[in-house]
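Chemist: Next up is a structure, given as structure tokens.
Number of protein chains: 2
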Amino acid sequence: MADQKKMVEAITSMEEDFAQWYTDIVKKAELCDYSGVRGCMVLMPYGYAIWENIQKELDARFKETGHENVSLPMFIPESLLQKEKDHIAGFAPEVAWVTHGGSEKLTERLCVRPTSETLFCDHYSRVIKSYRDLPKLYNQWCSVVRWEKTTRPFLRSVEFLWQEGHTMHETAEEAVQETERMLGIYADFMENILAIPVIKGQKTDKEKFAGAEATYTVEAMMHDGKALQSATSHYFGDGFARAFDIQFSGRDNKLHTPFETSWGLSTRVIGGIIMTHGDDNGLVLPPYIAPIQLVIIPVAGHKPGVTEKAQELYARLQKICRVKIDTSDNSTGWKFAEYEMKGVPLRLEIGPRDMENNQCVLVRRDNREKTVVDLDQLEVQIPMLLRAVHEGLYQKAVKNRESKTYTATNMADLTQIAAEKPGFIKAMWCGDLACEEALKEKAGVSSRCIPFDQEQIADTCVCCGKPAKQMVYWGKSY
Amino acid sequence: MADQKKMVEAITSMEEDFAQWYTDIVKKAELCDYSGVRGCMVLMPYGYAIWENIQKELDARFKETGHENVSLPMFIPESLLQKEKDHIAGFAPEVAWVTHGGSEKLTERLCVRPTSETLFCDHYSRVIKSYRDLPKLYNQWCSVVRWEKTTRPFLRSVEFLWQEGHTMHETAEEAVQETERMLGIYADFMENILAIPVIKGQKTDKEKFAGAEATYTVEAMMHDGKALQSATSHYFGDGFARAFDIQFSGRDNKLHTPFETSWGLSTRVIGGIIMTHGDDNGLVLPPYIAPIQLVIIPVAGHKPGVTEKAQELYARLQKICRVKIDTSDNSTGWKFAEYEMKGVPLRLEIGPRDMENNQCVLVRRDNREKTVVDLDQLEVQIPMLLRAVHEGLYQKAVKNRESKTYTATNMADLTQIAAEKPGFIKAMWCGDLACEEALKEKAGVSSRCIPFDQEQIADTCVCCGKPAKQMVYWGKSY
């Protein structure tokens with residue numbers, strides 16, 4: 001790390017090769033390392049610290065809304081996975097199978113959980129007896145495995161970290177409300193913590209979760225115009241509960257079946273952070289999840305008192321933000337580049353002349369704007385500047401999305417836009433699977449979501465010309 | 479939960495059947511549920527909340543001492559597991575093997591990690607180049623799998639949650655210091671947070687970790703006199719580093735091999751908490767990890783103002799402790815029994831007469847001692863009483879251990895004590911494996927540890943009569 005001779009190597013430019021730019025950042029910002037296991041990542045300290053901050057923010061929101069954490073097994077017996085037929089059909093092709101324990105062959109093979117609806121239902125079938133046991137509002141933080149063929153760090157890996165909430169309710173109405181509440185929490189978190197604007201909406205039947213009645217999503221647009229499904233919230237009705245024979249005695253003393261939801265967000269959002277905010281100098285981290293919010297770099301640190309002053313500020317500023325100091329013998333230029341690469345939102349420079357004037361320079365990572373700040377004002381200025389970086393990132397992302405969102409009312413236009421301009425295409429849809437498949441085949445776009453905020457762009461389906469039911473966002477996705 | 483008619487059922491008494499008493503508590507305090515997967519547990523909200531508090535306390539200690547969290551894959555390719563021969567010999571019989579991904583047979587099978595030395599070494603071989611990259615002080619919170627035949631909740635399960643620290647150092651001396659530092663952190667945590675007294679010592683070669691040069695342990699005695707190995711810290715020398723070809727350029731510009739440690743603590747300690755502190759009324763939780771530290775129970779809650787006063791206290795006391803209020807329509811007697819079962823350290827009772835006198839009653843879970851406290855004094859009295867419960871639990875556990883620790887200087891005595899009195903036996907040992915095995919065969923005891931605090935009980939080995947090297951604690955263990 002602190003090798004004096006080490007240079008901060010340039011990364012591939014975004015415009016030149018976005019995929020390579022992404023890979024360069026993941027590696028050079030030391031977020032993760034490839035492992036000896038195909039498609040599995042090592043989350044290194046800096047990458048994992050981002051995830052810890054994400055966990056802290058989300059976990060607090062889950063607990064505030066009455067959810068409790070639990071831990072379920074990582075294995076699912078094959079017979080359990082098969083209980084809900086749409087679910088097994090969706091997941092069977094991509095699960096890892098344990099067939100041996102020690103030297104013995106198992107009588108029933110176990111899959112490593114790709115998601116845990118079946119395990120939660122199995123548990124719920126034992127603990128839900130009465131309406132007094134409802135709602136059950138459980139969440140777990142864990143990793144899951146999906147045997148993906150092509151993988152990319154954070155975006156698609158064989159094993160990934162996530163949280164999965166699984167809840168059971170007395171009525172369908174309550175369960176639907178829960179699904180919406182959690183989607184709202186995700187949207188709030190994406191926008192107000194990660195500075196990533198999202199579109200809230202519903203997935204089409206083709207794109208919904210295996211076994212769900214309805215899947216809701218928050219969709220974000222990356223810098224290159226592609227979509228990232230950032231978190232989902234599913235309403236299951238009573239399908240799983242029936243398959244698992246979960247019943248409770250209701251207020252009327254009769255037996256009823258409860259209604260279920262699940263919702264999840266994964267380390268995939270770290271890929272979203274990189275691709276929404278990053279630039280040609282490296283990572284740009286939204287301040288509220290940045291492991292280091294401010295780095296102090298003494299300028300001309302060998303001059304009398306400079307390093308001491310920087311250390312004094314370091315001790316003082318720990319009370320208001322996550323702060324680091326770099327007093328190594330690397331050059332100042334190297335340090336500037338290094339912490340830009342790591343996406344640290346604010347840099348504090350202090351040198352001999354600054355000290356004379358009882359001031360320092362604060363530099364924003366997002367736009368490199370410099371502010372000269374009186375040392376007595378740091379406790380006021382730093383939180384304001386962190387907020388400003390957050391706002392700056394959010395507005396930039398909104399602007400990117402707006403500039404790359406198009407409208408199409410016929411297939412010719414839609415196909416041309418899809419071919420020439422990466423981004424979202426808003427177009428009307430009749431609701432037929434055939435048209436959805438035609439758009440995929442002819443224009444290479446999939447439905448991202450049916451947004452809650454509907455617009456009446458036209459009266460007819462962009463594909464077949466029949467009366468339109470909904471406006472849909474179409475695009476290419478990660 | 480809140481079913482009015484539900485009674486708090488009695489649990490089996492400890493003296494009658496300790497194993498059944500343990501199982502009853504795990505179930506009735508709602509710590510965990512058996513799952514549909516053999517030997518795997520569901521950690522329910524109350525059990526998981528204990529683990530979250532354990533994590534919070536330990537994680538803070540790890541970070542204070544410079545450790546960083548990471549996340550490594552859950553799979554280990556067979557060839558990687560085989561790189562260190564003692565390690566594979568120790569773990570191969572108890573790992574779960576993944577042989578298929580989706581519908582395809584894997585070209586190399588993967589085991590689900592039983593521990594992650596091999597994965598950390600694989601990663602370290604890529605990131606350690608120079609002495610400037612050392613030390614590496616990594617930890618991860620995850621679950622591991624060991625294909626155990628006989629399982630018991632918390633104490634021995636196929637999958638369990640733990641943390642595993644894995645560190646690399648420039649010199650053997652530094653690595654040894656790290657091993658000792660972490661053992662010290664575990665001992666401090668066990669005693670000052672969990673109120674469980676421990677003996678710090680070294681494991682014999684027979685009992686040490688597969689692949690380690692030395693294993694250090696903190697051993698606790700349960701209420702029934704059996705030992706629980708509560709956490710371990712291993713020194714590996716450079717064995718793994720050599721097997722994985724990890725080399726760094728040193729201060730002398732020559733290539734060197736680094737020195738390694740690992741250390742871990744698991745959900746097993748929750749079993750230790752139950753068996754150290756529990757009693758015939760249920761769980762007794764040490765205050766500093768109790769999910770609920772104080773429960774407020776309004777007495778005659780239907781009388782004017784009582785419930786309101788209790789609610790007011792509830793809002794107020796959230797600032798100083800983890801507090802719950804039970805205003806359900808269950809009877810007061812039921813509530814008392816329920817929160818005793820759940821091991822809540824303090825109960826606050828408030829009724830009409832208390833209100834008249836501006837006071838309430840605080841009842842300790844550990845000894846049922848009641849204190850009448852002026853309502854204005856709660857912020858002072860509650861922390862003091864929580865501390866007193868902690869101290870009371872710790873002293874009781876020390877007393878139990880002292881009363882069940884024996885000394886033997888010959889085999890006849892040792893065998894008789896082992897047969898008649900459950901507990902620790904202190905006896906001298908020559909250091910030979912043959913004697914260790916003889917004690918196991920003849921007296922049914924294993925070496926628990928070679929304590930750092932040595933006593934010269936005799937000059938000769940309790941078994942063979944040859945000159946003794948060390949005093950060892952012997953006993954039966956979980």
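Just so you know, the sequences run in chain order A and B.
Counted from 1, the first sequence has number 283 at position 283 by this note's numbering; the numbering is strictly sequential.
Counted from 1, the second sequence has number 679 at position 201 by this note's numbering; the numbering is strictly sequential.
Note that CB positions come from ideal geometry on N, CA and C, so glycine has one too.
#1: Is there at least one Cβ from chain A nearer than 8 Å to Y792/B's Cβ?
#2: Could you give the uninterrupted runs of the alpha helix (DSSP H) lying entirely in the region 866–939 of chain B, keeping only those of 4 residues or more?
#3: What's the C-alpha gap between R926/B and I677/B?
#4: Let's see if you can read the secondary structure: which residues bound the alpha helix (DSSP H) around L317/A?
#5: Ordered along the chain, which non-local residues of its own chain (more than five positions away) have a Cβ less than 7 Å from that of R181/A?
#6: So with Cβ pairs under 8 Å, would you call T99/A a contact of chain B?
#7: Cβ of G821/B less than 8 Å from any chain A Cβ?
#8: So, helix, strand or coil for F62/A, using DSSP?
#9: Where does L672/B sit, in a helix, a strand or coil, going by DSSP?
#10: Quick one: does Y817/B have its CB under 8 Å from some CB of chain A?
#11: Report the three-state DSSP secondary structure of C121/A (helix, strand or coil).
#12: In the DSSP assignment, find the unbroken beta strand (DSSP E) run with P352/A in it and report its ends.
#13: For K563/B, name the three-state secondary structure that DSSP assigns.
#14: Check distances from the C-beta atoms of the region 517–532 of chain B to those of chain A and list, in chain order, the residues that come in under 7 Å.
#15: Do you know whose CA, among C435/A, Y186/A, E349/A, E207/A, lies nearest T307/A's CA?
#16: Considering Q707/B, what are the terminal residues of the beta strand (DSSP E) in which it resides?
#17: Taking DSSP's pairing of strands, which residues face F248/A in a bridge?
#18: Verify whether the separation of the beta carbon atoms of G102/A and E847/B is less than 8 Å.
#19: Please list the terminal residues of the continuous beta strand (DSSP E) segment that includes R746/B.
#20: Cβ closer than 8 Å: which chain B residues qualify as neighbours of E159/A?
#21: Looking only at C-alpha atoms, which of M519/B, Y524/B, R831/B, C942/B sits nearest to L509/B?
#22: Once DSSP output is grouped into helix, strand and coil, what is the label at S557/B?
#23: Quick one: Cα of L265/A to Cα of C463/A, how far?
#24: Where does G301/A sit, in a helix, a strand or coil, going by DSSP?
#25: By a C-beta neighbour count over all protein chains shown, 10 Å radius and 16 as the cutoff for buried, is V548/B buried or exposed?
#26: Measure from the C-beta of T565/B to each C-beta in chain A and report whether the shortest distance is under 8 Å.
#27: How is the alpha helix (DSSP H) around E816/B delimited, first residue to last?
#28: Show which residues of chain A have a CB atom less than 8 Å away from the CB atom of E546/B.
#29: What residues in the region 723–755 of chain B have a beta carbon less than 9 Å from any beta carbon of chain A?
#30: In angstroms with no decimal places, state the Cα-to-Cα distance between D133/A and A175/A.
#31: With a floor of 3 residues, list each beta strand (DSSP E) that falls wholly inside the region 577–653 of chain B, ordered by position along the chain.
#32: Pairing CB atoms from the region 71–78 of chain A with CB atoms from the region 512–532 of chain B, are three or more of them under 8 Å?
#33: Using a 10 Å radius around the Cβ and a threshold of 16 neighbouring Cβ atoms, would you call V858/B buried or exposed?
#34: Look up E219/A in the DSSP assignment and give the residues it is bridged to.
#35: Look up Q293/A in the DSSP assignment and say whether it is helix, strand or coil.
#36: Would C799/B and L853/B be called neighbours here (beta carbons separated by less than 8 Å)?
Modeler: Taking the definition as stated:
#1: Reading the second sequence from its first residue, position 314 is the one you call residue 792/B. Not one chain A Cβ lies under 8 Å of Y792/B.
#2: 889–898, 911–921
#3: Locating residue 926/B in the second sequence gives position 448, counting from the first residue. Locating residue 677/B in the second sequence gives position 199, counting from the first residue. Going by the C-alpha atoms only, they are around 10 Å apart.
#4: For this step, residue 317/A is matched to residue 317 along the first sequence. L317/A -> alpha helix (DSSP H) spans 306–317.
#5: For the purposes of this step, residue 181/A is taken as the residue at position 181 of the first sequence. These residues qualify, in order along the chain: T65.
#6: The sequence position of residue 99/A within the first sequence is 99, counting from 1. Answer yes: the Cβ-Cβ gap between T99/A and chain B drops below 8 Å somewhere.
#7: As a position in the second sequence, residue 821/B is number 343, starting the count at 1. No, no contact with chain A.
#8: In the first sequence, counting from the first residue as 1, residue 62/A sits at position 62. In this structure, F62/A counts as helix in the three-state DSSP scheme.
#9: To locate residue 672/B, count along the second sequence from 1; it is residue 194. Three-state DSSP puts L672/B in coil, outside helix and strand.
#10: Mapped onto the second sequence, residue 817/B falls at position 339. Closer than 8 Å: no.
#11: Position 121 of the first sequence, counting from 1, holds the residue named residue 121/A. Of the three classes helix, strand and coil, the one that applies to C121/A here is helix, per DSSP.
#12: Position 352 of the first sequence holds residue 352/A. Element bounds for P352/A: not the beta strand (DSSP E) but the alpha helix (DSSP H), 352–356.
#13: The count along the second sequence starts at 1 and reaches residue 563/B at position 85. Of the three classes helix, strand and coil, the one that applies to K563/B here is helix, per DSSP.
#14: Within the region 517–532 of chain B, the residues whose Cβ lies closer than 7 Å to some Cβ of chain A are C518, V520, L521, M522, P523, Y526, E530, listed in chain order.
#15: Locating residue 307/A in the first sequence gives position 307, counting from the first residue. Comparing Cα positions, the closest option is E349/A.
#16: Here the question's residue 707/B lines up with position 229 in the second sequence. Segment 705–715, the beta strand (DSSP E) holding Q707/B.
#17: Translated into positions along the first sequence, residue 248/A becomes position 248. DSSP lists H256/A as partners of F248/A.
#18: As a working mapping, residue 102/A is identified with position 102 in the first sequence. As a working mapping, residue 847/B is identified with position 369 in the second sequence. Not in contact: G102/A and E847/B (Cβ atoms no closer than 8 Å).
#19: By 1-based counting over the second sequence, the position of residue 746/B is 268. Not the beta strand (DSSP E): R746/B falls in the alpha helix (DSSP H), residues 746–755.
#20: As a working mapping, residue 159/A is identified with position 159 in the first sequence. Going along chain B in sequence order, the residues near E159/A (Cβ under 8 Å) are P551, M552, F553.
#21: The residue you call residue 509/B lines up with position 31 of the second sequence. For L509/B, the nearest C-alpha among the options comes from Y524/B.
#22: One-based indexing of the second sequence puts residue 557/B at position 79. It is helical.
#23: Counting from 1 along the first sequence, the entry for residue 265/A is found at position 265. Counting from 1 along the first sequence, the entry for residue 463/A is found at position 463. Near 33 Å, if we compare the C-alpha coordinates of C463/A and L265/A.
#24: The count along the first sequence starts at 1 and reaches residue 301/A at position 301. Correct three-state label for G301/A: coil.
#25: Here the question's residue 548/B lines up with position 70 in the second sequence. It is buried - the Cβ of V548/B has at least 16 other Cβ atoms within 10 Å.
#26: For this step, residue 565/B is matched to residue 87 along the second sequence. Looking at the sequence shown, residue 565/B is not Thr but His. Closer than 8 Å: no.
#27: Here residue 816/B refers to the residue found at position 338 when the second sequence is read from its first residue. Start and end: 810–819.
#28: Position 68 of the second sequence, counted from the first residue, corresponds to residue 546/B. What E546/B touches in chain A: P45, Y48, A49.
#29: T745
#30: What you label residue 133/A is simply residue 133 of the first sequence in a count that begins at 1. What you label residue 175/A is simply residue 175 of the first sequence in a count that begins at 1. In a straight line, the C-alpha of D133/A is about 15 Å away from that of A175/A.
#31: 582–590, 614–623, 637–647
#32: Yes, they touch.
#33: Along the second sequence, read from residue 1 onward, the residue named residue 858/B stands at position 380. By the 10 Å Cβ count, V858/B comes out exposed.
#34: Residue 219/A sits at position 219 when you count from the first residue of the first sequence. Answer is I199/A, Q229/A, bridged to E219/A.
#35: Here residue 293/A is taken as the residue at index 293 of the first sequence, counted from 1. The answer is coil: DSSP assigns Q293/A none of H, G, I, E or B.
#36: As a working mapping, residue 799/B is identified with position 321 in the second sequence. As a working mapping, residue 853/B is identified with position 375 in the second sequence. Here C799/B is not near L853/B, since their CB atoms are 8 Å or more apart.
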